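For reference, the structure discussed in these notes is given below.
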Amino acid sequence: LMTPFFNPGPIDHPNIPIYIAGVNELLCKTAGEICDGFHVHPLHTTEYIKDLIIPNIEVGCESTDRNLKDVSISGSAFVITGPDSDSMIKTREFVRSQIVFYSSTPTYSKVLETHGWGDIAKKLNRLSSSGNFKDMPELITDEILETVAIIGAPNEIAPLAAKKYSGLLDRINFYLPFDSNMSPEMSYWWKNTIKAIQS
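For the sequence shown, our numbering assigns the number 21 to the initial residue and increments by one for each residue that follows.
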């Protein structure tokens, strides 16, 4: 029932792109088949994007006579940064905690398996299932952090992100620490970093 009372009339931008998000093959293929875009989960690596995400989007595209260029690929990236060593440590441990959280869920295991870290994902799941959360962070090594996250001084993040994701992502956003007390300096820096990436 759409009486005039409930009909707001045409909207200014009727062609709204449809994006979905996912971590495994099926949703990537679905995005390739019918979607305008695909969101890559923040727990990812460039190898995982190359080996699993893009090839499966392409499979979906081919099944409906589409091209990879028809699907915009965006992604969230973990960032470890800060104006001083204390801030770097804080964001580093935040990112480690997020990698622990996601990696303990079997759905996300393909990311670690891409690098031969499947056993770590299984251990994290066992620890989580038994409630042993305190021993989980130590399983996320510096190698894993450096593979997953963008790490650098504030003025290095934009060029590092551009270098890391060039040819892989069409759009990028940052998975930020949930800091409600972010200093004006850091807020200003984030805005400038985003502008630098946009250019």
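Positions of the beta carbon are idealized from the N, C-alpha and C atoms, including for glycine.
Remember, predicted model here, so these are calculated numbers, not experimental data.
When the Cα atoms are used, what is the spatial distance from residue i to residue j?
i: residue 128; j: residue 114; result: 18 angstroms
i: residue 119; j: residue 171; result: 15 angstroms
i: residue 184; j: residue 65; result: 10 angstroms
i: residue 98; j: residue 139; result: 22 angstroms
i: residue 100; j: residue 23; result: 53 angstroms
i: residue 43; j: residue 57; result: 14 angstroms
i: residue 117; j: residue 34; result: 40 angstroms
i: residue 52; j: residue 204; result: 41 angstroms
i: residue 208; j: residue 202; result: 10 angstroms
i: residue 55; j: residue 136; result: 31 angstroms
i: residue 29; j: residue 90; result: 29 angstroms
i: residue 192; j: residue 214; result: 9 angstroms
i: residue 27; j: residue 130; result: 46 angstroms
i: residue 162; j: residue 156; result: 14 angstroms
i: residue 141; j: residue 67; result: 17 angstroms
i: residue 190; j: residue 60; result: 11 angstroms
i: residue 151; j: residue 167; result: 27 angstroms
i: residue 121; j: residue 196; result: 15 angstroms
i: residue 186; j: residue 177; result: 14 angstroms
i: residue 158; j: residue 83; result: 43 angstroms
i: residue 194; j: residue 154; result: 27 angstroms
i: residue 106; j: residue 206; result: 13 angstroms
i: residue 78; j: residue 25; result: 44 angstroms
Per the DSSP calculation, residue i is bridged to which residue(s)?
i: residue 39; result: 57
i: residue 193; result: 96
Could you check if residue i is buried or exposed, using at least 16 other CB atoms within 10 Å of its CB as the buried criterion?
i: residue 146; result: exposed
i: residue 111; result: buried
i: residue 76; result: buried
i: residue 93; result: buried
i: residue 46; result: exposed
i: residue 160; result: buried
i: residue 164; result: buried
i: residue 109; result: exposed
i: residue 74; result: buried
I believe residue i touches residue j by the beta-carbon criterion, under 8 angstroms. Please report the beta-carbon distance rounded to the nearest angstrom.
i: residue 103; j: residue 174; result: 6 angstroms
i: residue 132; j: residue 123; result: 6 angstroms
i: residue 220; j: residue 144; result: Since the first residue shown for the chain is 21 and the last is 219, residue 220 is missing from the structure and cannot be characterised.
i: residue 217; j: residue 181; result: 6 angstroms
i: residue 80; j: residue 49; result: 4 angstroms
i: residue 134; j: residue 72; result: 7 angstroms
Any heavy atom of the ligand ZN closer than 7 angstroms to the beta-carbon of residue i?
i: residue 202; result: With respect to small molecules bound, the structure shown includes none, and the ligand ZN cannot be examined in it.
(request) Would you mind listing the beta strand (DSSP E) stretches within the stretch 140-212 that are 3+ residues and don't spill past its ends, in chain order? (result) 191-195
(request) Please go through the stretch 57-93 and give each complete alpha helix (DSSP H) segment of 4 or more residues, from N-terminal end onward. (result) 74-83
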